[in-house]
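Beneath this line is the structure, given in structure tokens, with notes to follow.
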Amino acid sequence: MISEPFAIGSSIVHQLDPRIRVGFTILYAFVIALAYQFSVLIAALMLSTILVVISQVNIKEVFKRIGMVNALIFLLWLVLPFTFPGEVLTRIGPFAIYRPGVMFAAQITLKSNAILLAFIALIATMPFATLGHALHRLRVPQKIVHLLLMTYRYIFVIEQEYKRLLRAAKIRGFQPGTNINTYRTFAYVIGMLFVRSAARAERVHQAMLCRGFKGKFYNLQEFKTGMGSWLFSIIMTVLIIGLIVMEVSKGKAF
Amino acid sequence: MNKNELLINFEGISFNYPGGIQVLSNLDFHFHRGDRIGLIAPNGSGKTTLLHLIMGLLKPCTGRIEIFGKPAKDEKDFADVRRRIGLLFQDADDQLFSPTVLEDVAFGPLNLGKPKNEAIQIAQQTLAFLGLDGFENRITFKLSGGEKRLVSLATVLAMQPEILLLDEPINGLDMKTKARLKEILSSINLSYLLISHDFDFLAEIVDATYTMQDGKILLDKELHLHEHVHAHELGTYPHQHDMSEERKNIPVGNRQKTDDRRQETNNSNQKSETS
Numbered sequence: 004m005i006s007e008p009f010a011i012g013s014s015i016v017h018q019l020d021p022r023i024r025v026g027f028t029i030l031y032a033f034v035i036a037l038a039y040q041f042s043v044l045i046a047a048l049m050l051s052t053i054l055v056v057i058s059q060v061n062i063k064e065v066f067k068r069i070g071m072v073n074a075l076i077f078l079l080w081l082v083l084p085f086t087f088p089g090e091v092l093t094r095i096g097p098f099a100i101y102r103p104g105v106m107f108a109a110q111i112t113l114k115s116n117a118i119l120l121a122f123i124a125l126i127a128t129m130p131f132a133t134l135g136h137a138l139h140r141l142r143v144p145q146k147i148v149h150l151l152l153m154t155y156r157y158i159f160v161i162e163q164e165y166k167r168l169l170r171a172a173k174i175r176g177f178q179p180g181t182n183i184n185t186y187r188t189f190a191y192v193i194g195m196l197f198v199r200s201a202a203r204a205e206r207v208h209q210a211m212l213c214r215g216f217k218g219k220f221y222n223l224q225e226f227k228t229g230m231g232s233w234l235f236s237i238i239m240t241v242l243i244i245g246l247i248v249m250e251v252s253k254g255k256a257f
Numbered sequence: 003m004n005k006n007e008l009l010i011n012f013e014g015i016s017f018n019y020p021g022g023i024q025v026l027s028n029l030d031f032h033f034h035r036g037d038r039i040g041l042i043a044p045n046g047s048g049k050t051t052l053l054h055l056i057m058g059l060l061k062p063c064t065g066r067i068e069i070f071g072k073p074a075k076d077e078k079d080f081a082d083v084r085r086r087i088g089l090l091f092q093d094a095d096d097q098l099f100s101p102t103v104l105e106d107v108a109f110g111p112l113n114l115g116k117p118k119n120e121a122i123q124i125a126q127q128t129l130a131f132l133g134l135d136g137f138e139n140r141i142t143f144k145l146s147g148g149e150k151r152l153v154s155l156a157t158v159l160a161m162q163p164e165i166l167l168l169d170e171p172i173n174g175l176d177m178k179t180k181a182r183l184k185e186i187l188s189s190i191n192l193s194y195l196l197i198s199h200d201f202d203f204l205a206e207i208v209d210a211t212y213t214m215q216d217g218k219i220l221l222d223k224e225l226h227l228h229e230h231v232h233a234h235e236l237g238t239y240p241h242q243h244d245m246s247e248e249r250k251n252i253p254v255g256n257r258q259k260t261d262d263r264r265q266e267t268n269n270s271n272q273k274s275e276t277s
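Residue numbers (the working numbering), protein chains in the order written: chain W, 4 to 257; chain S, 3 to 277.
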């Protein structure tokens with residue numbers, strides 16, 4: 004089951020207007036993604052960490068997620084320093100470690116972690132449905148928003164159906180291995196999932212038609228922007244401008 | 003409103019799925035205001051197809067459909083039909099697609115053009131009526147099976163339909179939720195058509211039971227299905243009896259009683275037939 008471990012809470016962050024959180028997170032992520040200065044990236048990583056602390060989320064869960072992303076980044080560290088040509092930093096046996104490669108890998112590491120932490124602190128701290136509505140209020144097209152919400156709604160149903168199919172295979176003695184029978188069984192399961200999902204989509208659409216669906220969705224959630232949210236907006240604006248100024252004022256990164 | 007007004011009129015309806023065998027053949031079906039009809043028939047006999055034809059989700063191959071006194075042919079006709087007839091789907095997961103319960107229940111009223119406040123109010127009233135107060139912000143996919151079924155019913159009732167079509171509403175429900183549903187159905191003043199495989203459930207909440215055979219609808223007495231009350235172990239669970247065998251086993255005194263009950267049922271059937 005896909006869970007939302009951070010969604011429910013009572014921290015200051017949880018009480019901020021979701022629209023403002025979504026808006027600033029996106030802006031902030033863009034600034035980090037486009038920055039190259041190490042000073043900017045390190046500052047951003049610290050800022051994101053502070054946000055996570057303020058949001059009082061379960062630190063264990065945070066580490067679990069960071070761990071997952073950094074496992075991927077570790078692969079970059081295995082490849083980039085050896086393959087990105089430029090100034091040679093040092094040599095290990097027949098392999099050269101290039102300076103730009105190391106810099107690049109370090110930048111990616113800092114950027115990803117800073118962005119991920121910001122998303123955990125600001126976005127993952129709202130239920131998915133709220134995120135959808137916030138996006139809608141931020142003028143993201145309705146169809147995209149509902150694609151997102153419907154995907155989220157039915158991913159659980161599809162997951163259940165997948166488990167049901169797999170169970171059906173298992174109780175008849177199916178044991179996954181590296182053989183053609185296993186591949187065929189999984190292919191059947193996946194094929195069946197597609198068929199069932201298509202049939203399900205058809206029925207959902209019918210159910211919607213029965214309730215007078217005319218292609219328009221409605222959002223019931225009302226958002227309130229309190230003092231805290233305005234204060235947060237001001238602080239975030241100042242910080243983001245600060246990061247941009249830092250990035251632009253110094254010279255090239257390498 | 004005329005109590006016996008003809009609401010749904012199917013004349014000579016035939017239907018087959020593309021490339022499939024004929025499901026309905028030359029079927030006639032009449033549904034009047036105030037009717038509370040149960041439909042009990044084997045799997046694959048076309049019960050769900052019938053409901054989907056009423057809602058215009060499927061179109062008949064031949065025949066004439068008249069609903070609320072008007073011919074129903076194209077999408078435009080059925081848009082009006084769907085406004086006034088509510089269909090409860092077999093699988094609640096098909097019906098509940100919104101993230102939260104309140105949004106799902108308010109979806110219908112909003113589609114009917116109700117302003118937001120009013121839609122929310124209707125949704126809350128409907129939930130309260132079904133004893134689902136406090137469910138407003140629950141996430142639909144995290145509800146239990148029974149809760150899902152009741153919330154689906156709320157989404158249909160929130161549209162304030164004149165007729166309710168229920169497709170196997172008690173499938174997979176526990177005794178408690180089943181009893182709750184029975185209570186709700188007997189307390190709402192609505193005409194309904196209910197598909198079920200559960201004799202005992204049907205017997206308590208419908209006035210007449212129909213069955214389907216060879217793509218046609220038959221009144222139950224033609225098939226000698228009848229309501230009867232008896233006691234045995236596990237009797238509260240849905241079950242079927244071999245009727246001829248059973249008759250032999252009933253003590254003579256009780257047999258009389260059973261016959262009386264059957265007489266009653268037939269009488270009530272005749273009433274609805276002539277109405």
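Note that beta-carbon positions come from the ideal geometry of N, C-alpha and C, so glycine has one too.
Bear in mind that the values here come from a model prediction, so they are computed numbers and not experimental data.
| Asked | Found |
| --- | --- |
| Mind checking Leu212 (chain W): buried by the 16 CB within 10 Å criterion, or exposed? | buried |
| Checking 7 angstroms against the spacing of the C-beta atoms, do Lys218 (chain S) and Leu59 (chain S) come in under that value? | no |
| Against chain S, with Cβ distances strictly below 7 angstroms, would Tyr165 (chain W) count as a contact? | no |
| Taking only the alpha-carbon atoms, compute the straight-line gap between Leu50 (chain W) and Phe220 (chain W) and give it to the nearest angstrom. | 37 angstroms |
| Is it buried or exposed, Arg187 (chain W), if we count other Cβ atoms within 10 angstroms and call 16 or more buried? | exposed |
| What distance in whole Å lies between the Cβ atoms of Phe203 (chain S) and Ile172 (chain S), which are believed to be in contact at a cut-off of 8 angstroms? | 6 angstroms |
| Would you verify that the beta carbon of Tyr112 (chain S) is, or is not, closer than 7 angstroms to some beta carbon of chain W? | Per the sequence shown, the amino acid found at residue 112 (chain S) is Leu instead of Tyr. Yes, Leu112 (chain S) counts as interfacial toward chain W. |
| Can Thr86 (chain W) and His17 (chain W) be called in contact, C-beta distance under 7 angstroms? | no |
| For the beta strand (DSSP E) holding Ile174 (chain W), just list the boundary residues, first then last. | Counting along the chain, Ile174 (chain W) falls outside any beta strand (DSSP E), and DSSP gives it neither H nor E. |
| Using the Cβ count rule (16 or more neighbours within 10 Å means buried), how would you classify Gly96 (chain W)? | exposed |
| Could you tell me the alpha carbon to alpha carbon distance between Pro20 (chain S) and Pro111 (chain S), rounded to whole angstroms? | 34 angstroms |
| If I'm right that Leu3 (chain W) touches Leu54 (chain W) with Cβ under 8 angstroms, what's the distance once you round it to whole angstroms? | Residue 3 (chain W) cannot be examined here, being either before or after the span of chain W that is shown, 4 to 257. |
| Can you tell me the Cα-Cα spacing of Ala108 (chain W) and Ser42 (chain W), whole angstroms? | 16 angstroms |
| To the nearest angstrom, how far is it from the Cα of Leu113 (chain W) to the Cα of Val105 (chain W)? | 12 angstroms |
| Roughly how many angstroms separate the alpha carbons of Val143 (chain W) and Ala121 (chain W), rounded to a whole number? | 21 angstroms |
| I'd like the span of the beta strand (DSSP E) that includes His32 (chain S), first residue to last. | Gln24 to His34 |
| Any residues in the stretch 110-144 of chain S with a beta carbon nearer than 8 angstroms to a beta carbon of chain W? Which ones, in chain order? | Gly110, Leu112, Asn113, Leu114, Lys118, Ala121, Ile122, Ile141, Thr142 and Phe143 |
| Mapping the DSSP letters down to three states, classify Asn73 (chain W) as helix, strand or coil. | helix |
| So which residues on chain W does Arg84 (chain S) lean against when the C-beta distance must stay under 8 angstroms? | Leu212, Cys213, Arg214 and Gly215 |
| Please report the distance separating the alpha-carbon of Ser6 (chain W) from that of Pro130 (chain W). | 10 angstroms |
| Alpha carbon to alpha carbon, how far is Ala201 (chain W) from His208 (chain W)? Give it in angstroms, no decimals. | 11 angstroms |
| Hey, Arg38 (chain S) and Asp209 (chain S): beta-carbon distance below 7 angstroms or not? | yes |
| Short of 8 angstroms in beta carbon distance, which residues of its chain neighbour Glu138 (chain S), apart from the five on each side in sequence? Order them along the chain. | Thr102, Val103, Leu104, Ala125, Gln126 and Leu129 |
| Any C-beta of chain W within less than 8 angstroms: which residues of the stretch 151-173 of chain S qualify? | Thr157, Val158 and Met161 |
| Measuring alpha carbon to alpha carbon, tell me which of S:Glu206, S:Asn119 and S:Phe91 ends up nearest Glu205 (chain W). | S:Phe91 |
| Within this structure, are the beta carbons of Val148 (chain W) and Leu134 (chain W) separated by less than 7 angstroms? | no |
| Find the nearest neighbour of Val117 (chain W) within the set W:Phe9, W:Leu44, W:Ile193 and W:Leu246, judged by alpha-carbon distance. | The sequence shown places Ala at residue 117 (chain W), rather than the Val named in the question. Comparing Cα positions, the closest option is W:Leu44. |
| Please specify which runs of the beta strand (DSSP E), each continuous and at least 3 residues long, are wholly inside the stretch 74-124 of chain W, giving them in chain order. | 91-95 and 98-101 |
| Identify every residue that forms a DSSP beta bridge with Asn11 (chain S). | S:His32 and S:Glu68 |
| Among the residues of its own chain, which have a CB less than 6 angstroms from the CB of Ser27 (chain S), if the five just before and after it don't count? | Ser16 and Gly217 |
| List the residues of chain S that Phe159 (chain W) touches, going by C-beta distances under 7 angstroms, in chain order. | Phe143 |
| Where Met230 (chain W) and Ser236 (chain W) are concerned, what is the direct C-alpha to C-alpha distance, given to the nearest angstrom? | 10 angstroms |
| Please confirm if Arg24 (chain W) has its CB atom under 7 angstroms from at least one CB of chain S. | no |
| Does DSSP classify Met214 (chain S) as helix, strand or coil? | strand |
| Would the stretch 143-161 of chain S count as touching the stretch 239-255 of chain W if we require 3 or more Cβ pairs under 8 angstroms? | no |
| Kindly say whether Ala202 (chain W), judged by its beta-carbon, lies nearer than 7 angstroms to any beta-carbon of chain S. | no |
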